[in-house]
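**Q** This is the structure I have questions about; it appears just below.
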Amino acid sequence: MTTATTTTAPADAKRTPTPGGTAARVRRRLSHPVATAVSILIAVLWTVPTFGLFVSSLRPEDEIKTTGWWTAFTNPQFTLENYQEVLFGRSASSGQLASYFVNSLVITIPSVLFPLAFASLAAYALAWINFRGRDWIYIGIFALQIVPLQMALVPLLSFFSQGVSIGDVTLLPAWNLDDEEKFIQVWFAHTCFALPFAVFLLHNFIAQLPKDLMEAARVDGATHPKIFRSIVLPLIVPALAAFAIFQFLWVWNDLLVALIFAGGGNEVAPLTVRLAELAGTRGSEWQRLTSGAFVSIVIPLIVFLSLQRYFVRGLLAGGVKG
Amino acid sequence: MAVPSRRSRQALAVAGVLALALGATACSGESKSGLDPDSPECAPYSDYQGHDGESVSIYASIRDKEADLLQEAWSRFEDCTGIEIDYNGSGEFEAQLQVQVDGGNPPDIALIPQPGLLERFARAGKLKPMPADLKAIADANYPADWLKYATVDGQAYGTPLGANVKSFVWYSPKAFAEKGYQIPTTWAELIALSDKIADSGQKPWCVGLESGDATGWPATDWIEDLVLRTQSPEFYDQWTTHGVPFNDPRVVEAVDQVGSILKNPRYVNGGYGDVKSLTTTAFQEGGLPILQGQCWMHRQANFYANYLPDGTKVGPDGDAYAFYLPPVDPSKGKPLLGGGEFTVAFTDNPAVQAVRRYLASADYANARAKLGNWISPNKHLDINNVAEEVDKLSMQVLLDDAAIFRFDGSDLMPAAVGTGTFWKGMIDWVNGKDTKSTLDFIEGSWPK
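As they're listed, the protein sequences go chains A and B. Count along the first sequence from 1, then add 176; that gives the number in my numbering. Just so you know, my numbering puts 105 at position 124 of the second sequence, and the rest follows in order with no gaps.
Quick look at the structure:
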């Protein structure tokens, strides 16, 4: 946060022609004590439900089911039993949570890296390589963002399980993936669904890099691969990080794609699938959801906190450059 | 750009976390205990042998604890036959099954709790009909009342597996004994008892309708029970299949009779407040005031025992128990509302058929019942193998000769009504909308 404010301050000052301009006025108003108080109030309000969930996760089952979390202050009873049950409780059909945790990581990391790699290459090509139909391809990719992924679920599933054939001619055979091989399906699906937005985001970013930079590199004899690697990639790190966070959170929290392409077996299913089953067939064990939610939050929190400065810079940089 | 040393430290940390996580899974491998197929323990399974090494996938909505018991019950079968059953349970079962079938990737066997869904797959030609030997087992083991729900156009597709009984009223035997209240055996006695309790200044009934996006379903069970009791079972069949309109005057009558309890401020909502509290009380908690002496009766299925706090004594002389929701006219038999799952197959090979035969057998029913918390309409399920008191009672009413079993209507109707407008209509109705316009609204939503 601090780096972000210090870097943007000179930028704003430079852009405002007079010292008493709009931006300065807004800045003055926003740093007013009342504004600070309001923002603290909003932050507290926003955090209350999460905080309540956290308090609940530490309460005994009977207490969770009969009274609200706020009664924990007047009648404090705390236990780690919910965490114990979620983390180490062993159900024969589903195994321990740890294996789902690993499945989630195995699904998420490639599902972030693949679209990042493909999209940054595609975005560079669409922005800086001149070829016929470039704009139409870009418009096509842009338009694909509108297609809801739910529409693609059944066709994609039959693509995996039956292959592609027109009439009697088989163009692609069935993939016939079993058990752990189903990770491939999930990576494939997540990559497909992420690409349009990734290309769009990175294209906007790459297209706004100064033209002089590219021309200077060309004059020095750099080829496209060289320009991409030595000039473009280092400059778009904030955008890559911003997209990586988006994609990471989306894939980590995803239930729908995982249910369809990974199935419910404990070889492939991610944490979200296990969380959805945690409450039992008739939902009688819902006290486990409180601690389950906090266990599943840990990794996204680490990712967000460690990439946060890129995230803020990525968003701001996009705005300032426009 | 970040300082390189810092970046490598981050990379180290990430690698460390990954290594730990991978180490954790490495230890969770499981070994399978193979039994000698010719040993005496395996003798009962000789009929199913000869498919060693085959794998059969089963998909259902049963998960967590119940799924463990389900699998435990067939583990001996797996050991003795060498057939590996690959079980998956999901809360999104209904939607997922449709997607899997459409995507050409269905499970071998599915346990479908909705006859309406079963019928849809059967009509689409996705289900495999039962082979003759399985049909013979089904006819020998299950009542015709049940089998007809898995029969489409005269072709049998599935056998029942688990069951639940919905026509139950939970009460506290201790509290009833203290006050000298008798268990009512007719509808008139039930209302007389309710009045007596109401006159003593207490609310006789407690009801919880809140259930997330399924809010309202407990009320639909009430309506179905009363349609079944005030009218004939044949009328009930017509009503659930839209042979008569949803808003038929006879249905209005039944709904009003439910209203005389659910919308009666003298009767509800014990322990929670007035009629308005019905839709905000979670169905899991609906009957708990009985244990605190704030409420006397709670109409809910046999599985409500799962929601009672640990340590509650359930039994004819305990803190909680159930009685059969009495009929309006006892001379017409005992109408019984319930539900259950049906075993159906999407693929047809000898191993799948062996698993289906086993699941339909008395052996499986008894093995599963012994593990607790489960009943089945299987006629050869020995009641002594049923663990819980309330499940024994369920088996008694289920196998009673006078019982007229009908499946939960919301599972028979099209999804748009059964799991949509019927629920929503009930919420509006409880919150004050009149019966006629509520039923008109539901009738209007029936898919043409």
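Backbone N, C-alpha and C define an ideal beta-carbon position, used for all residues, glycine too. Because the structure is a prediction, the values reported are computed rather than measured.
1) Checking contacts by CB at 8 Å: is A:A417 closer than that to chain B?
2) Using a Cβ-Cβ cut-off of 8 Å, state whether A:A458 counts as contacting chain B.
3) Would you tell me roughly how many angstroms separate the C-alpha atoms of A:R450 and B:Y285, rounded to the nearest one?
4) Would you report the Cα separation of B:G97 and B:P141, rounded to the nearest angstrom?
5) I'd like to know if A:D238 contacts chain B, where contact means its C-beta is closer than 8 Å to some C-beta of that chain.
6) Rounded to whole angstroms, what's the CA-CA distance from B:E266 to B:V233? Just pull it up for me.
7) Do the segment 81 to 99 of chain B and the segment 40 to 51 of chain B meet, that is, are 3 or more Cβ pairs less than 8 Å apart?
8) Let me know the secondary structure DSSP gives B:G70 once reduced to three states.
9) Closest to A:L389 by CA distance: which of A:R203, A:S482, A:S406, A:I218 is it?
10) Grab me the residues of B:E424's own chain with a C-beta within less than 6 Å of its C-beta, minus the 5 sequence neighbours each way, in chain order.
11) Check for me: the alpha helix (DSSP H) holding A:T198 runs from which residue to which?
12) Taking the beta carbon of A:V474 as the centre, do at least 16 other beta carbons fall within 10 Å, making it buried, or is it exposed?
13) Tell whether a beta-carbon distance below 8 Å holds between B:S375 and B:I356.
14) Does DSSP put A:I407 in a helix, in a strand, or in coil?
15) For B:Y288, which residues in the same chain have their Cβ closer than 6 Å to its Cβ, ignoring the five residues on either side in sequence?
16) How many Å lie between A:L217 and A:D430 at the Cα?
17) Starting from the beta carbon of B:Y288, find every residue of chain A whose beta carbon is closer than 7 Å, and list them in chain order.
18) Checking 8 Å against the spacing of the C-beta atoms, do B:S192 and B:W186 come in under that value?
19) May I ask you to list, following chain order, the residues of the segment 418 to 436 of chain A that have a beta carbon less than 7 Å from some beta carbon of chain B?
20) Just reading off the alpha helix (DSSP H) that A:N429 is part of, what are its end residues?
21) Rounded C-beta distance between B:D409 and B:T419? I'm assuming under 8 Å.
22) Nearest CA to the CA of B:D431: which residue from A:F376, A:G459, A:R464?
23) Quick check on DSSP: helix, strand or coil for A:P372?
24) Taking 8 Å as the CB-CB cut-off, is B:V80 touching chain A?
25) Tell me which residues share the same chain as B:I66 and place their Cβ nearer than 7 Å to its Cβ, disregarding the 5 neighbours each side in the sequence.
26) Would B:A384 and B:L340 be called neighbours here (beta carbons separated by less than 8 Å)?
27) Going along chain B, which residues have a C-beta under 8 Å from A:L333?
28) Measure from the C-beta of B:S241 to each C-beta in chain A and report whether the shortest distance is under 8 Å.
29) Give a yes or no on whether the minimum CB-CB distance between A:G441 and chain B is below 8 Å.
30) Can you round the beta-carbon distance between A:K358 and A:V262 to whole angstroms, since I take them to be within the 8 Å contact cut?
31) Please confirm if the segment 352 to 367 of chain A is in contact with the segment 108 to 115 of chain B, defined as three or more CB-CB distances below 8 Å between the two stretches.
32) Would you call the segment 245 to 252 of chain B and the segment 266 to 284 of chain B touching, i.e. three or more CB-CB distances under 8 Å?
33) Based on DSSP bridge pairs, tell me the residues matched to B:A301.
34) Could you work out which residue in B:F323, B:P270, B:Y29 is closest to B:N145 when comparing CA atoms only?
35) How many angstroms separate the CA atom of B:G320 from the CA atom of B:T261?
36) How long is the line joining the alpha carbons of B:D298 and B:Q163, rounded to whole angstroms?
**A** Walking through what the data contain:
1) Using beta-carbon distances, A:A417 does not count as an interface residue toward chain B, since no partner is under 8 Å.
2) As written in the sequence, residue 458 of chain A is Arg, which differs from the Ala given in the question. The beta carbon of A:R458 sits closer than 8 Å to some beta carbon of chain B.
3) In this structure, the alpha-carbon of A:R450 lies about 24 Å from that of B:Y285.
4) If you draw a straight line from the Cα of B:G97 to the Cα of B:P141, it is about 14 Å long.
5) It does; some Cβ of chain B falls within 8 Å.
6) Approximately 29 Å, taken between the alpha carbons.
7) In short, these stretches touch, since the Cβ pair count reaches three.
8) Of the three classes helix, strand and coil, the one that applies to B:G70 here is strand, per DSSP.
9) Closest by C-alpha distance to A:L389, out of A:R203, A:S482, A:S406, A:I218, is A:S406.
10) Setting aside the 5 residues that flank it on each side, B:E424 is surrounded in the same chain by P226, F227, N228, each with a C-beta closer than 6 Å to its C-beta; the list follows chain order.
11) 198 to 206 is the span of the alpha helix (DSSP H), which, as asked, contains A:T198.
12) Counting C-beta atoms within 10 angstroms of its own C-beta, A:V474 has fewer than 16 neighbours from the protein chains shown and is therefore classed as exposed.
13) Cβ atoms of B:S375 and B:I356: closer than 8 Å.
14) DSSP, read as helix, strand or coil, puts A:I407 in helix.
15) Only Q265 meet the Cβ criterion.
16) A straight line joining the alpha-carbon of A:L217 with that of A:D430 spans about 31 Å.
17) The contacting residues are S460.
18) Taking 8 Å as the Cβ cut-off, B:S192 and B:W186 do not qualify as a contacting pair.
19) Flagged, chain order: L435, I436.
20) Here the alpha helix (DSSP H) through A:N429 covers 413 to 429.
21) Their Cβ separation, rounded to whole angstroms, is 6 Å, which keeps B:D409 and B:T419 in contact under 8 Å.
22) Chain B is shown from -18 up to 429; residue 431 of chain B falls before or after that span and cannot be answered.
23) It is helical.
24) B:V80 counts as touching chain A.
25) Hits under 7 Å: V37, I39, W55, E59, V336.
26) Not closer than 8 Å, so no.
27) Counting only Cβ-Cβ distances below 8 Å, A:L333 has contacts in chain B at V80, Q81, D83, G84, G85, N86, in chain order.
28) B:S241 is outside the set of residues whose beta carbon lies under 8 Å from a beta carbon in chain A.
29) At least one chain B Cβ lies under 8 Å of A:G441.
30) The C-beta separation of A:K358 from A:V262 comes to about 25 Å, leaving the pair out of contact by the 8 Å criterion.
31) When Cβ pairs closer than 8 Å are counted between the two stretches, the segment 352 to 367 of chain A is seen not to touch the segment 108 to 115 of chain B, the count staying below three.
32) Contact between the segment 245 to 252 of chain B and the segment 266 to 284 of chain B is present: three or more C-beta pairs spanning the two stretches fall below 8 Å.
33) Beta-bridge pairing links B:A301 to B:V295.
34) The alpha carbon of B:N145 has as its nearest neighbour, out of B:F323, B:P270, B:Y29, the alpha carbon of B:F323.
35) C-alpha separation (whole angstroms): 25 Å.
36) Counting only the Cα atoms, B:Q163 lies some 13 Å from B:D298.
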